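Following: one structure in structure tokens, then a few remarks.
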Amino acid sequence: MRLFTLIAQVPLDIVDAQRGRLFLWLPVCFGIGIGVFFAQPLEPSVTLLGVILAGVILGLLALIKTPPRVAPLLIAMLTVSMGFFAAGLRSHMVAEPVLTFRYYGPVEGRVIHIDRSASDALRLTLDRVTLRNFSPDRTPYKVRISLYGDQSFVAPEPGMRLALTAHLSPPSGPAEPGAFEFQRMAWFDKLGAVGYARVPALRIADTDRSLTLWVHRLRQTLSSALQSQIPGQPGAFAAAILTGDRSGITLDTAEALRGANLSHLLAISGLHMGLLTGSVFFALRLCLAMIPGAALTWPLKKIAASGALAAGLFYLALSGFNVATERAFVMVSVMLVAVLLDRQAISLRAVAIAALLILVLRPEVLPEPGFQMSFAATTALVAVFTIVRRLRLMSGWPTWLRGIATVVLSSAVAGIATAPVAAAHFNRIADFGLLANVISVPMMGAVIMPAAILALLLTPLGLQGLALAIMGGGIRWILAVAHTVSGWDGAVSHLAAPPPETLPLIAIGGIFVILWRGRGQLLGILPVLAGFVLWFMADRPAILISDDGSLIGRIGAEGRVLNKAKGAGFVASVWLENDGDFADQITAAARDMPVLDLPGLSIAHVSGRGWQEATRRACVDHDFVVINQIWQEAVPEGCLLVDVGFLRQSGALALSPRGETVEMRTAYATSGVRLWNTPALRGPRGGEAREVRDALPPMVLGARFAPDTVRLANRQ
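Quick note on the UniProt record's numbering: the sequence shown kicks off at 1 and runs consecutively.
Put into structure tokens, the structure is as follows:
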């Protein structure tokens, strides 16, 4: 009994040693709850969410009589539960109809957003959508359509109601098991269909002049003005960083910025929000201090913080309230409110509050690279500069040297902190990114953003030209750096996609090192190392099959070999990027195709004319046959035929040899049966309609093929 008591005291003693820093763990626990929710293989039922909520309420009541030493452990468990519940609640709150089949026909809607697709086509997001023969309760809340062909009949603007003939499809599933889940992102964006139009869009009603779209129209007006006064790509860059409108950025410019690790300068995120509010804060405080006696009688710091907060709110509105800018505004607001309350503005506590607020409001951002990179960089920067300040490592240095050292150190810290996240999500590392940031970020802070603020102030007087010229010169410098650095040999290294456990291990380890107090903090290095070991030991699937059966890729001596050079280009690019392969689809298709067979499993892929007869022959000679059609005849015994009907239920497939068997992973087995990818779970307006297990198609669950049986082994 005494031994049991001593063992029970260990976690309590550990918690006692961390008092004063326990609050910093609240967003971590909340995030763990969200992560557990998104990792569930089956959609948690509304009943389960209700039970969790009841448990949280009872737990909060129990805190009243919980001993102080035990309370932190109970709070941690309750916070994890609240994170799980918040993610589940949000999943149902955003529920809207999603298209369940391909649609071709008339589409009407109101333009609410304009940008460009990956193929550089103009892309419109529409709400208040009308589709032919669709009742309102089945019509998607929003659709996104890329425009091709001659679109000179109308210049789209926010609020304009358009009619066009378009091809629409449901949001696509992962390109391979474990890949990016566009369906989940679309679900939380209330995006019910995506597609394209090749015929001209026509304006059918006057532009909506409601207040809700006033900001969108202001954005477009400002974007057009910037691009007319700063010609070329510098003007498009200026429009992107001030209004969030990236429609003018060409693919060449975007690729150069990515290759130099400068693409973060395009997004209105923490850097831009911090530079703008910081510039307003210091300029306002300086101007007020010039008023005789003001510094002695007025709370200049708080007045400047209030002005900076208002400027940040205006910038948020100007950006179109996009998620990255909302996140940046919350982080800056927490710090400015700390100034108003006479608290330390830049601290880990402020970062924790910002993270907690964002996760409560938008739990879905946790798996997104933007959230992960923002808080990885911010947390690391605050932690490192706290040490620098405490140890006075730069005290006594000349001001100019301290400034240079600060820029270099902050770029290095942010780069190191975000590198694993960027590499895991984008499969690439910009090898000269640190150098590019060191010589570009100061230009953004010292020239471009101050010039932008000055131009805004001088616009009513018609004197903005000089400020915009200065701003354009700074942007041209950044673009020149991007094109130069990205053009160097070895500028970009490609990495294979990591297994799903990698980033959580690295994140938990890094957080532990930063937040833990005492000698034990170095234990956080162990999960970081484990994450990297898993990453570099992971193997890629031997064979990948697209979700329509048209594209198949086999690992060969030169890398993955594709069966065709055109078609399914997005899927092909995802496969090659996840392999860490530099090649494009044409190059990959030109490689020598090895035999598709895997140990103990004979495989064939059939397409083109005469596919029916070719399929019959293939089923005689092979165990596993893939076709990009729907098969309606009986399948010969001993042959597993994967047709479009099979793939609609399974999603993309990955085949890998495992000893004497071949493992098949399906996209939906990896993603789970969730609201955003299983129509059978959704009611008329998108809410949960059926019991989860009743909606499970048999092919979703994955399989193993023994060499002598070729059979599905459902893992239920």
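Using N, Cα and C, we set each Cβ at its ideal position, and we do this for glycine too.
Every value quoted in this text rests on a predicted model; they were computed, and no experiment measured them.
Where does the unbroken beta strand (DSSP E) through residue i begin, and where does it stop?
{"i": "Ala205", "result": "Leu202 to Ala205"}
{"i": "Ile552", "result": "Ile552 to Gly556"}
{"i": "Val606", "result": "Ile603 to Val606"}
{"i": "Tyr148", "result": "Where Tyr148 is concerned, there is no enclosing beta strand (DSSP E), given that its DSSP letter is neither H nor E."}
{"i": "Ile543", "result": "Ile543 to Ile545"}
{"i": "residue 720", "result": "Not covered by the structure: residue 720. The range shown for the chain is 1 to 716."}
{"i": "Thr125", "result": "Leu122 to Leu131"}
{"i": "Ala197", "result": "Leu191 to Ala197"}
{"i": "Leu655", "result": "Leu653 to Arg658"}
{"i": "Ser493", "result": "Val492 to His494"}
{"i": "Ile429", "result": "Arg428 to Ala430"}
{"i": "Glu663", "result": "Thr661 to Thr666"}
Since residue i contacts residue j with CB under 8 Å, what's their CB separation in whole angstroms?
{"i": "Ala589", "j": "Ala604", "result": "Between Ala604 and Ala589 the Cβ distance is about 18 Å, and since that is not below 8 Å, they are no contact."}
{"i": "Val365", "j": "Val323", "result": "6 Å"}
{"i": "Glu176", "j": "Val574", "result": "7 Å"}
{"i": "Ile204", "j": "Pro158", "result": "At roughly 16 Å, the Cβ-Cβ gap does not stay under 8 Å, so Ile204 and Pro158 are not in contact."}
{"i": "Gly509", "j": "Val528", "result": "4 Å"}
{"i": "Ala436", "j": "Ala260", "result": "4 Å"}
{"i": "Lys302", "j": "Val339", "result": "7 Å"}
{"i": "Val620", "j": "Val642", "result": "Contact doesn't hold; Cβ gap of about 16 Å is too wide."}
{"i": "Leu655", "j": "Val662", "result": "6 Å"}
{"i": "Thr253", "j": "Leu479", "result": "7 Å"}
{"i": "Leu262", "j": "Thr243", "result": "Rounded, the Cβ-Cβ distance is 19 Å, inconsistent with contact."}
{"i": "Val360", "j": "Ala86", "result": "6 Å"}
Do residue i and residue j have their C-beta atoms within less than 8 Å of each other?
{"i": "Ala446", "j": "Ala414", "result": "no"}
{"i": "Ile511", "j": "Gly474", "result": "no"}
{"i": "Val421", "j": "Met373", "result": "yes"}
{"i": "Ala193", "j": "Thr165", "result": "no"}
{"i": "Ser543", "j": "Ala565", "result": "Here residue 543 turns out to be Ile, not Ser, going by the sequence shown. No, they are not a contact pair."}
{"i": "Pro41", "j": "Gly88", "result": "no"}
{"i": "Val382", "j": "Ser411", "result": "no"}
{"i": "Met444", "j": "Leu275", "result": "yes"}
{"i": "Ile630", "j": "Trp611", "result": "no"}
{"i": "Gly472", "j": "Pro234", "result": "yes"}
{"i": "Leu271", "j": "Leu257", "result": "no"}
{"i": "Ala467", "j": "Leu458", "result": "yes"}
Relative to the C-alpha of residue i, which residue among the options is closest?
{"i": "Gly462", "options": "Ser269, Gln229 and Ala179", "result": "Gln229"}
{"i": "Leu576", "options": "Thr502, Asn427, Gln612 and Pro657", "result": "Asn427"}
{"i": "Pro594", "options": "Leu147, Gly55, Leu316 and Gly556", "result": "Gly556"}
{"i": "Glu108", "options": "Asp120, Thr130 and Ala87", "result": "Thr130"}
{"i": "Val215", "options": "Gly270, Gly320 and Ala186", "result": "Gly320"}
{"i": "Leu126", "options": "Leu147, Gly33 and Ala383", "result": "Leu147"}
{"i": "Asp208", "options": "Met160, Phe237 and Gly569", "result": "Met160"}
{"i": "Phe37", "options": "Ile353, Ala538, Trp611 and Pro363", "result": "Pro363"}
{"i": "Val51", "options": "Pro72, Arg219 and Leu78", "result": "Leu78"}
{"i": "Ile453", "options": "Leu191, Ile429, Ala238 and Thr325", "result": "Ala238"}
{"i": "Asp584", "options": "Leu222, Leu601, Leu562 and Trp488", "result": "Leu562"}
{"i": "Ile525", "options": "Ala568, Arg389 and Ala507", "result": "Ala507"}
{"i": "Phe570", "options": "Phe180, Ala95 and Asn133", "result": "Phe180"}
{"i": "Gly149", "options": "Val199, Ala614 and Met185", "result": "Val199"}
{"i": "Asn677", "options": "Trp187, Thr66 and Ala62", "result": "Trp187"}
{"i": "Ile552", "options": "Ile34, Ser607 and Arg123", "result": "Ser607"}
{"i": "Ala423", "options": "Val673, Ala121, Leu60 and Phe536", "result": "Phe536"}
Along the alpha helix (DSSP H) that carries residue i, what are the first and last residues, could you check?
{"i": "His483", "result": "Gln464 to Ser486"}
{"i": "Tyr315", "result": "Leu300 to Leu318"}
{"i": "Phe85", "result": "Ala71 to Met93"}
{"i": "Pro373", "result": "Strictly speaking, residue 373 in this sequence is Met, with Pro absent from that position. Here the alpha helix (DSSP H) through Met373 covers Pro369 to Leu391."}
{"i": "Ser169", "result": "Note, Ser169: premise wrong, no alpha helix (DSSP H); beta strand (DSSP E) at Arg161 to Ser169."}
{"i": "Ala54", "result": "Val46 to Ala62"}
{"i": "Phe624", "result": "Segment Phe624 to Ile627 is the beta strand (DSSP E) holding Phe624; no alpha helix (DSSP H) there."}
{"i": "Leu26", "result": "Leu26 to Ala39"}
{"i": "Ser228", "result": "Trp214 to Gln229"}
{"i": "Arg560", "result": "Taken as a continuous stretch (DSSP letters only), Arg560 belongs to no alpha helix (DSSP H), being part of the beta strand (DSSP E) at Gly559 to Leu562."}
{"i": "Leu434", "result": "Gly433 to Met443"}
Under 8 Å: do the region 164–177 and the region 96–103 share three or more Cβ pairs, one atom per stretch? Taking a cut-off of 8 Å on C-beta distances, the region 164–177 touches the region 96–103, as three or more cross pairs fall below it.
Taking 8 Å as the cut-off, does the region 539–559 touch the region 649–656 (at least 3 CB pairs, one atom from each stretch)? The region 649–656 is in contact with the region 539–559.
Are the region 484–496 and the region 567–582 touching by the rule of at least three beta carbon pairs closer than 8 Å? yes
Segment contact flag, the region 106–116 with the region 241–249, C-beta cutoff 8 Å, min 3 pairs: yes
Using a Cβ distance threshold of 8 Å, determine whether the region 69–82 contacts the region 138–148, with at least three qualifying pairs required. These segments do not touch.
Closer than 8 Å is the cut-off here; do at least three beta carbon pairs connect the region 20–34 with the region 342–352? Taking 8 Å as the limit for Cβ pairs, the verdict is that the region 342–352 does touch the region 20–34.
Counting beta carbon pairs with one atom in the region 276–288 and one in the region 299–318, are three or more of them shorter than 8 Å? With contact defined as three or more Cβ pairs closer than 8 Å, the region 299–318 and the region 276–288 are in contact.
Specify whether the region 323–332 and the region 291–300 touch according to this definition: at least 3 beta carbon pairs, one from each stretch, less than 8 Å apart. no
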